[in-house]
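First the structure, in the form of structure tokens, and then the observations on it.
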Amino acid sequence: MTDPTEPNPTPDTTPDLEALEAAMRRGLHLNADEIEAAPILTPAGQRRRRWQPLAAAAAVIAVAVGGAAMRWTGQTPDRPDPTPGAPNSAASADEGYAGWRLESYAGVQLRVPESWGWGGAPTSTGFGATGDEAVLDCAGKHAYVVPGSTKYEFEPKDTPFVGRPDFMTDMCVGSTIDLETSVDYVWLGSFAPLGVRELDGGFTAETVDVGGQRVTVTTRDPDLRDQIIASAAAVDTDDNGCAARLAQRVQASGTGSKAGFPDSLSVCAYRFGSKKGNGYLMWSQRIDGAAVAAYVTAVDHHSALYDPFGECSDPSQQLVVLRWGLGREWATTDVISTGSDCRQIAFGVPRGALLAPVNPETMGPLRSGWLRAYVPAGPDDLRLFKPMMG
Amino acid sequence: MTSDLGRPTAPAFEAWLAARQQSLTRFAYLLTGSQQAGQEAMQDALTRAYERWPSVSTTRDPESYVRRMIVNAHISGWRRTRRETPVPDPVRRSLTGPDLELADAVWRACAALPKQARAAVVLRYYEDLDYARIAELLDVSPAAARASVHRGLLALRDALGEINAEES
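Sequence lines, in order, name chains A and B.
Sequential numbering from 1 applies to the first sequence in the numbering used here.
Sequential numbering from 1 applies to the second sequence in the numbering used here.
Given below as structure tokens:
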């Protein structure tokens with residue numbers, strides 16, 4: 001409405017922005033309504049580049065839901081055996097471990113304070129869990145990735161960390177296990193000898209056997225050490241719903257007919273050793289329903305614009321699988337290849353899979369320290385993955 | 001009808017296309033500026049959608065999905081060739097009077113735009129997408145998408161100005 005106290009403006013026939021927008025909208029619809037659909041040639045006969053069906057993934061990401069953990073409480077040299085049938089330590093951990101997170105590796109799970117970072121542990125030339133060759137330390141005693149940060153390696157050196165046998169850098173030291181440290185750490189898949197050892201600076205390292213896997217906990221705080229070790233358990237399926245081992249590589253698929261998203265799902269990252277087809281769990285995580293919805297939305301969107309790689313044929317040492325569902329009503333398996341030569345998501349839907357790119361948008365909802373810490377990057381995605389070495 | 005993960009159960013491709021072909025044809029026509037180019041982009045997208053139909057049909061919104069394919073086919077085509085083709089006259093069947101004038105003005109405004117800007121205008125005012133989504137589809141920044149749309153509006157203002165000048 002015109003302000004009556006203002007002088008009468010000069011008449012202006014130029015349309016304002018809103019009028020222009022309305023005109024554009026209406027004009028487009030008027031033009032569109034003039035068009036009748038023409039016959040469409042049968043798509044089946046058209047020329048098309050074809051993509052290959054998803055083959056063995058170079059490296060895959062997996063999410064799994066459900067599955068009760070079968071636990072075996074760790075037996076240590078100076079700790080009693082668990083009472084058969086008694087509630088296991090990992091189950092009771094939920095009560096006494098507020099602010100802690102689950103860490104899982106090759107059939108062993110335990111809990112550490114949420115603020116701890118991720119790093120490496122001495123590994124063998126057979127890449128850890130499947131090898132028994134000479135031990136190499138290609139990690140040192142510091143976190144390479146910390147929660148909430150996208151940096152790699154240049155983190156505060158005093159951040160406690162969970163280490164897995166892996167090559168975190170190309171600077172390796174061979175032959176002996178060196179436990180000495182200036183920060184607290186846990187080694188999963190440890191090659192250290194069983195038992196307790198006093199270290200410089202008031203640190204104590206304790207190595208226990210948990211279902212055939214060794215875990216080393218090193219800290220100045222005996223209560224913290226006890227708490228971490230008490231949370232350790234051997235599992236076939238961890239509390240994030242991830243199977244400790246994969247007998248064979250999986251393919252994306254989907255079944256069922258129920259609407260909606262699960263409240264949460266688990267991301268399970270597997271690594272394959274020298275024996276083809278046998279993968280062990282490198283890392284797992286549970287993400288919430290909002291993240292699931294964001295992931296599905298991003299994959300849906302990007303798959304429409306995606307030129308597939310074709311066949312990801314190179315068997316990789318890394319595999320991640322996303323498996324989610326609600327009981328018997330429906331289930332979906334997504335497989336994400338992260339090999340440097342072929343990175344893409346196979347997004348499970350009934351009767352097949354959509355292919356989508358691995359990029360910050362599709363990985364964002366799943367993204368966490370493990371991707372940065374343990375999945376090697378290709379040349380174009382250094383922001384998402386572990387930087388290339390060498 | 002929806003299925004797990006909010007994805008619809010799969011209708012047959014032919015039945016789905018029969019129901020949506022008119023809508024897709026109009027979208028492709030506006031996007032490309034010609035019946036032929038629209039048909040080519042649509043053919044390319046539908047061929048691809050057909051091959052992937054068991055998967056595409058179970059997305060939450062197959063039509064939006066295919067429209068994005070059409071955008072992609074159109075953009076890929078012009079990026080491959082980098083060749084501008086003359087824009088043919090618009091199809092006119094039933095419009096008269098002010099509606100015809102407005103439709104012509106909008107057509108001239110869009111024809112004066114680079115393909116990417118034209119796509120941005122169509123996505124904004126025919127598809128009602130926000131700038132972030134347009135930017136994603138066209139692989140440009142949201143600011144660039146907004147600038148393209150603004151450029152389209154300026155072109156329309158000029159076209160409407162010509163009409164006013166002729167009438168006065």
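Idealized CB from N, CA, C, for every residue including glycine.
- With the criterion set as a beta carbon lying under 8 Å from some beta carbon of chain A, the members of the region 142-157 of chain B are 152, 153, 156 and 157, in sequence order.
- Residue pairing of residue 386(A) in beta bridges, as defined by DSSP: 376(A).
- Under the DSSP definition of a beta bridge, residue 344(A) partners with 337(A) and 357(A).
- Contact check for residue 38(B) against residue 46(B) fails: the beta carbons are separated by 8 Å or more.
- Between residue 293(A) and residue 283(A), the gap from beta carbon to beta carbon reaches 8 Å or more.
- Between the alpha carbons of residue 235(A) and residue 109(A) lies a distance of about 7 Å.
- Listed in chain order, the non-local C-beta contacts of residue 56(B) below 8 Å within the same chain comprise 49, 62, 65 and 66, local neighbours out to five positions each way being set aside.
- In terms of beta-carbon proximity, residue 114(B) stays away from the interface with chain A, with every pair separated by 8 Å or more.
- By the neighbour-count criterion, in which 16 or more other beta carbons inside 10 Å mark a residue as buried, residue 148(A) falls on the exposed side.
- Between the region 175-185 of chain A and the region 148-166 of chain A, the count of C-beta pairs closer than 8 Å reaches three or more; the two stretches touch.
- Here the alpha carbon of residue 136(B) sits roughly 15 Å from the alpha carbon of residue 364(A).
- DSSP, reduced to helix, strand and coil, places residue 162(B) within a helical segment of the structure shown.
- When C-beta atoms of the region 28-35 of chain A are compared with those of the region 154-165 of chain B, fewer than three pairs fall below 8 Å, so the two segments do not count as touching.
- Residue nearest to residue 212(A) within the set 205(A), 170(A) and 105(A) is 105(A) (criterion: CA-CA distance).
- Within chain A, no C-beta atom comes less than 8 Å from the C-beta of residue 118(B); the nearest is roughly 11 Å away.
- With respect to residue 335(A), residue 251(A) sits close: the two C-beta atoms are nearer than 8 Å.
- Secondary structure at residue 71(B): helix, using DSSP grouped into helix, strand and coil.
- When the Cα atoms are used, residue 201(A) and residue 152(A) turn out to be separated by approximately 27 Å.
- Chain-order list of chain B residues neighbouring residue 177(A): empty, with the shortest C-beta distance near 46 Å, by a criterion of under 9 Å.
- Between the alpha carbons of residue 232(A) and residue 123(A) lies a distance of about 21 Å.
- Under the three-state reduction of DSSP, residue 177(A) is assigned to coil, being neither helix nor strand.
- Residues of chain A whose Cβ lies closer than 7 Å to the Cβ of residue 99(B) are, in chain order, 30.
- DSSP places residue 251(A) outside both helix and strand once states are collapsed to three, so it counts as coil.
- Unbroken beta strand (DSSP E) runs of no fewer than 3 residues, entirely contained in the region 131-201 of chain A, are found at 135-137, 161-165, 185-188 and 195-198, following chain order.
- Any Cβ of chain B closer than 8 Å to the Cβ of residue 26(A) would place that residue at the interface, and such an atom is present.
- Against chain A, the beta carbon of residue 94(B) has neighbours under 9 Å at 33 and 34, listed in chain order.
- Identification of chain A residues near residue 62(B) by a Cβ-Cβ cut-off of 8 Å yields none; the smallest Cβ-Cβ distance measures about 10 Å.
- Contact between residue 218(A) and residue 230(A) fails: their C-beta atoms lie close to 16 Å from each other, not under 8 Å.
- Under the three-state reduction of DSSP, residue 305(A) is assigned to coil, being neither helix nor strand.
- No residue range can be given for residue 52(B), since it is assigned to no beta strand (DSSP E) and is classified by DSSP as neither H nor E.
- The region 114-124 of chain B and the region 136-154 of chain B touch, with no fewer than 3 CB-CB distances between them shorter than 8 Å.
- When only Cα atoms are considered, residue 159(B) and residue 19(A) end up about 14 Å apart.
- If you ignore the 5 residues before and after residue 112(B), its C-beta comes within less than 6 Å of the C-beta of 155, all in its own chain and listed in chain order.
- When Cβ-Cβ separations below 8 Å define contact, residue 21(A) makes contact with chain B.
- Restricting attention to 371(A), 241(A) and 224(A), the CA atom closest to the CA of residue 271(A) is found in 371(A).
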